[in-house]
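**Q**
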Amino acid sequence: MNLARLKGPGVFAAVAVLALVVAPLLLEPFRLGLLAKYLCFAIVALGIGLAWGQGGMLALGQGVFFGLGGYAMAMHLKLVDAQGDLPDFMVWSGVEQLPALWKPFANPVFALAMVVIGPMLIATVLGLLVFRQRVRGAYFAILTQALAAAFVILLVGQQGLTGGTNGLTNFFDLFGQDLAADSTQRGLYFAVAIATGLLYLGARQLVNSRFGRLLVAVRDGEDRVRFLGYDPARVKTVTFAISAGMAGLAGALFVPVVGIISPALLGVVPSLELVVAVAVGGRFALAGAILGAVVMGYAKTSFSEQFADGWLYLQGALFILVMTLAPKGILGLAASARDALARRRTARSGDPEPPPADAPGRRVMEEVA
Amino acid sequence: MRNSVWRSGVAIAALATALTACGGEAPASESASVAGGAGDTIKVGILHSLSGTMAISEVTVRDAELLAIEEINASGGVLGKKLTPVVEDGASDWPTFAEKATKLIRQDKVATTFGGWTSASRKAMLPVFERSKALLWYPVQYEGLESSPYIFYTGATTNQQIIPGLDYLKEQGKKKIFLVGSDYVFPRTANKIIKAYAAANGMEILGEEYTPLGHTEYSTLTNKVVQAKPDAVFNTLNGDSNVAFFKQLNSAGVTAQEMPVLSVSVAEEEVKGIGVDNIAGHPVAWNYYQTTETPANEKFVAAFKAKYGADKVTSDPMEAGYNAVYLWAAAAKKAGTVEVEAVRKAAGGIAVERPEGLVTIDGENQHMYKTARIGVIQPDGLIKEVWNSGEPIKPDPYLKGYPWASGLSNG
Chain G
1 MNLARLKGPG VFAAVAVLAL VVAPLLLEPF RLGLLAKYLC FAIVALGIGL
51 AWGQGGMLAL GQGVFFGLGG YAMAMHLKLV DAQGDLPDFM VWSGVEQLPA
101 LWKPFANPVF ALAMVVIGPM LIATVLGLLV FRQRVRGAYF AILTQALAAA
151 FVILLVGQQG LTGGTNGLTN FFDLFGQDLA ADSTQRGLYF AVAIATGLLY
201 LGARQLVNSR FGRLLVAVRD GEDRVRFLGY DPARVKTVTF AISAGMAGLA
251 GALFVPVVGI ISPALLGVVP SLELVVAVAV GGRFALAGAI LGAVVMGYAK
301 TSFSEQFADG WLYLQGALFI LVMTLAPKGI LGLAASARDA LARRRTARSG
351 DPEPPPADAP GRRVMEEVA
Chain W
370 MRNSVWRSGV AIAALATALT ACGGEAPASE SASVAGGAGD TIKVGILHSL
420 SGTMAISEVT VRDAELLAIE EINASGGVLG KKLTPVVEDG ASDWPTFAEK
470 ATKLIRQDKV ATTFGGWTSA SRKAMLPVFE RSKALLWYPV QYEGLESSPY
520 IFYTGATTNQ QIIPGLDYLK EQGKKKIFLV GSDYVFPRTA NKIIKAYAAA
570 NGMEILGEEY TPLGHTEYST LTNKVVQAKP DAVFNTLNGD SNVAFFKQLN
620 SAGVTAQEMP VLSVSVAEEE VKGIGVDNIA GHPVAWNYYQ TTETPANEKF
670 VAAFKAKYGA DKVTSDPMEA GYNAVYLWAA AAKKAGTVEV EAVRKAAGGI
720 AVERPEGLVT IDGENQHMYK TARIGVIQPD GLIKEVWNSG EPIKPDPYLK
770 GYPWASGLSN G
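In structure tokens:
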């Protein structure tokens, strides 16, 4: 009994040691940078896990919030590099004066605040509009997806303002640090890894709180929650805004880690890829979202390096395989394997007592959340 | 109870971080500066989109580059060593180009990389190559206004393609021009240059329209063009959009005689996709055609067909990619090493007879001297040259030699 209680924190500590001690010691700088990238996606996935796994809101357009955060950061970095001049892409796009939208981003505090506040604000407004009208399920999913598509068209069309299809790239300096230096990239990796850990703990706390129970209740029976006197729209809006804030923060971390932000990262396909990653990891558990993002990210890199010609097939096959064999994702598979083992053990010991009544969904949630 | 256990878990994690932060200095990051030359082979990177929207074009360039590597290996390699290509997929996704470029440089430690097609992919790779002081050979015509010390541009810059195209239209007496392009940096920059040229040469721009990359609905745009009654259309559409645009023009009854559409992104490969019936008779501007008559081209076309199939065509970007490998090999031979700075220094002035004719590397801006050629698409899908610049044109990416362009290149 005691041992079981230690398991969650034990796994967390082990993963943390792996991420913060073992990985930086063993991995080459380039691979460590890739891991930092996967973890940026993991933060977005965590937000999706919260909104979709716990709250039942299938958000297919998280790329929008990722992009808002990323562009806010990139605009700041561009302005710092330009040192009072126009950013390079504006020169070749024929822009002669710094657009008003860009001006406040020269201030680092404003830029960093916008990274989180911008996405949260937009998600709140959208959430209030949509959830009050009781738009949910597939309609909500389609709406978020359309938002992602529209956002990309907007970004591409405003070349002088956003860099168009190219996006923003070629950054030199991050708060006085040389971005090309290995030490800066190492520091960034630690920042991303620690942010992922802290956000996971925060999200876990949220799920275990009264609010979290309410959120799950809204997912499983929105009308019943309403009849009990709660306001499901508010619960959903808050959750959606938090997941948007996470995506924004991830975008801002992504920019210095990878060195580019472009519409190709925010559209429908990358947004879907993240949802797929959450499904692969196991959407009912927050840890599943993180695991899924890292596994899918790693799979994408190694498949494409090994089989430059046909890696997309492998990636698709991996998704289909996981979804058919383990609809609850990798973590769900682990949980049911453990249950099966426990059942066999009780059967062998001849214990007449049936295994603990476990609705699988609930069980998974309690174990890992 | 449960919470306190969790707290200790977090504490262990925090402790571990503190320990690495204080004690663990960076791992031995073997910053091996032995650029790909170690051992008895030389690794070179090839980085094109093998999946996604750009794959259809970029795969052909990869094929041409692999052919060049094969030929060079068959004739003894470079500095007595065989070349081993490391092929990566940029996946039509700009951040992926940056990631794979980093991988080629840092992990595979390639001596040089051949890759890219879209300007966006080049812009994404540029910081990677500049920071790592590694070499990229970029094989496609582009919008100019760039000259990175770590990129060699083997395709045309604007004064070797767009300006000759405009000269040709002017010679033909075309005064009213309509601009049609995809919405990204190349068409927008090209059109800026075209407008400046028109203002200085008494030409009139009747309209300027952009559609998103991959756009395929052209009835509205075609109506606009037809109603404006231009003498010619300057087309900077890229990829699939050309298929829809030319089909629509054809069904609107526009003929190449009354309203020629000059394209700068339609080569032999694209003509197959558009359908010869829709585009025959229209002019294009490039530096090389499959029909270009040089001994080197005869060899190139024959070798390409032998390796990849008799139905394959060769095009300008393919030839530029094929050239890139030979030019790098020539520079490495002259430098006596594949070390990047030595190769860069040796490259200036290297002149090689290529399928398009004599190609000389300009040591200053690392572009090529290239002959401009205007061609007309024939009913058999090939392109017949109708005009050329007579001699290779000195590359001028910032258009410094053109007074009318002085306002364009303050970058």
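So the sequences go chain by chain: G and W. In this text, residue positions in the first sequence follow this note's numbering: the first is 1, and each later residue adds one. In this text, residue positions in the second sequence follow this note's numbering: the first is 370, and each later residue adds one. Using N, Cα and C, we set each Cβ at its ideal position, and we do this for glycine too. Just so you know, these numbers come straight off a predicted model, no measurement behind them.
1) Provide the residue span of the beta strand (DSSP E) that contains W:L505, from first to last.
2) Determine the burial state of G:S209: buried for a count of at least 16 other Cβ atoms within 10 Å of its Cβ, exposed for fewer.
3) When the Cα of W:F603 is compared with those of W:S620, W:M628, W:A613, which residue comes out closest?
4) Roughly how far, in whole angstroms, is the beta-carbon of W:P464 from the beta-carbon of G:A335, given that I think they are within contact range, below 8 Å?
5) With DSSP run on the structure shown, which of helix, strand or coil describes G:D173?
6) Classify G:M323 as helix, strand or coil using the three-state DSSP reduction.
7) What does W:V456 touch in chain G if you count any residue whose Cβ is under 9 Å from its own?
8) Using DSSP with H/G/I as helix, E/B as strand and the rest coil, what is G:N166?
9) Report yes or no: do the segment 90 to 97 of chain G and the segment 40 to 51 of chain G share at least 3 C-beta pairs separated by less than 8 Å?
10) Quick one: which chain G residues come within Cβ less than 8 Å of W:K561?
11) Leaving out the 5 sequence neighbours to the left and right, which residues in its chain are closer than 8 Å to W:T539 when beta-carbon positions are compared?
12) So, helix, strand or coil for W:N734, using DSSP?
13) Could you tell me which residues DSSP puts in a beta bridge with W:M631?
14) Determine whether the beta carbon atoms of W:K545 and W:L582 lie at a separation below 7 Å.
15) In chain W, which residues lie with their C-beta within 9 Å of the C-beta of G:V156?
16) Quick check: the Cα distance between G:G8 and G:F30, rounded to an integer number of angstroms?
17) When you compare the CB of W:Y587 with every CB in chain G, is at least one pair closer than 7 Å?
18) Work out the CA separation of W:A675 and W:V682 for me, nearest whole Å.
19) For G:N107 and chain W, any beta-carbon pair shorter than 7 Å?
20) Give the straight-line distance between the Cα atoms of G:K103 and G:H76, rounded to the nearest whole angstrom.
21) Give me the chain G residues within the contact set of W:A470, using Cβ-Cβ distance strictly less than 8 Å, ordered along the chain.
22) Just list the alpha helix (DSSP H) runs in the segment 121 to 165 of chain G, keeping only unbroken ones of 4 residues or longer that don't cross its boundaries, in chain order.
23) If the criterion is Cβ atoms closer than 7 Å, does the pair G:V115 and G:A59 meet it?
24) Can you find at least 3 beta carbon pairs, one from the segment 239 to 246 of chain G and one from the segment 108 to 128 of chain G, that sit closer than 8 Å?
25) Does W:W463 come within less than 7 Å of chain G when only Cβ atoms are used?
26) Straight-line CA distance for W:K641 to W:G750?
27) Contact criterion: CB-CB distance below 7 Å. Does G:V258 meet it with respect to chain W?
28) Quick check: the Cα distance between G:R345 and G:D339, rounded to an integer number of angstroms?
29) If we count the other Cβ atoms within 10 Å of its Cβ and call it buried at 16 or more, is W:Y507 buried or exposed?
30) What is the DSSP secondary structure of G:V17, reduced to helix, strand or coil?
31) Are W:A693 and W:I719 touching if we call contact CB-CB under 7 Å?
32) Since W:P764 and W:Y738 should fall inside the 8 Å C-beta cutoff, what is the C-beta to C-beta distance between them, to a whole number of angstroms?
33) 7 Å is my cut-off, CB to CB: does G:L206 come that close to chain W?
34) Mind pulling the chain G residues with CB within less than 7 Å of W:P355?
35) Quick check on W:P748: does DSSP put it in helix, strand or coil?
36) Going along chain W, which residues have a C-beta under 9 Å from G:G164?
**A** The short version:
1) Membership of W:L505 in the beta strand (DSSP E) is indicated by the continuous run 505 to 507.
2) With fewer than 16 other Cβ atoms within 10 Å, it is exposed.
3) Its Cα nearest to that of W:F603, the residue W:M628 stands out among W:S620, W:M628, W:A613.
4) In fact, because the Cβ distance is near 35 Å, the residues do not count as touching under 8 Å.
5) In the structure shown, the three-state DSSP call for G:D173 is strand.
6) Of the three classes helix, strand and coil, the one that applies to G:M323 here is helix, per DSSP.
7) In chain order: A308, D309.
8) Note: G:N166 maps to helix in three-state DSSP.
9) Taking a cut-off of 8 Å for Cβ pairs, the segment 90 to 97 of chain G and the segment 40 to 51 of chain G do not touch, as fewer than three such pairs fall below it.
10) For W:K561, the residues of chain G that pass the 8 Å Cβ criterion are G94, in the order they occur in the chain.
11) Residue identity differs from the one stated: residue 539 of chain W is Lys in this sequence, not Thr. Once the five neighbours on either side are set aside, the close Cβ partners of W:K539 are N570, M572.
12) Residue state, collapsed to three classes: coil.
13) Correcting the residue identity first, residue 631 of chain W is Leu in this sequence and not Met. W:F603, per the DSSP bridge assignment.
14) No, these two residues do not count as a Cβ contact at 7 Å.
15) Under the 9 Å cutoff, chain W gives D552, Y553, P581, L582.
16) Between G:G8 and G:F30, the alpha-carbon positions lie close to 31 Å from each other.
17) Not flagged as an interface residue toward chain G: W:Y587, since no C-beta distance is shorter than 7 Å.
18) Each residue's alpha carbon lies about 11 Å from the other.
19) It does not; no Cβ of chain W falls within 7 Å.
20) Distance between the alpha carbons of G:K103 and G:H76: 9 Å.
21) For W:A470, none of the residues of chain G pass the 8 Å Cβ criterion, the least Cβ distance being about 11 Å.
22) Here the runs fully enclosed are 138 to 157, 159 to 162.
23) Result no, Cβ atoms of G:V115 and G:A59 do not sit closer than 7 Å.
24) With contact defined as three or more Cβ pairs closer than 8 Å, the segment 239 to 246 of chain G and the segment 108 to 128 of chain G are in contact.
25) It does: the Cβ of W:W463 has a partner Cβ on chain G nearer than 7 Å.
26) Spanning the alpha carbons of W:K641 and W:G750 requires a straight line of approximately 7 Å.
27) It does; some Cβ of chain W falls within 7 Å.
28) When rounded, the separation of the alpha-carbon atoms in G:R345 and G:D339 is 10 Å.
29) Buried, since its Cβ has 16 or more Cβ neighbours within 10 Å.
30) Helix, per DSSP.
31) Cβ distance not < 7 Å, so W:A693 and W:I719 don't count as in contact.
32) Separation of the CB atoms of W:P764 and W:Y738 is rounded to 6 Å, and the pair is thereby assigned contact status at 8 Å.
33) When Cβ-Cβ separations below 7 Å define contact, G:L206 makes no contact with chain W.
34) An answer regarding residue 355 of chain W cannot be provided, because it is not within the stretch 370 to 780 covered by chain W.
35) DSSP, read as helix, strand or coil, puts W:P748 in coil.
36) What G:G164 touches in chain W: A489, D552, Y553, V554, R557.
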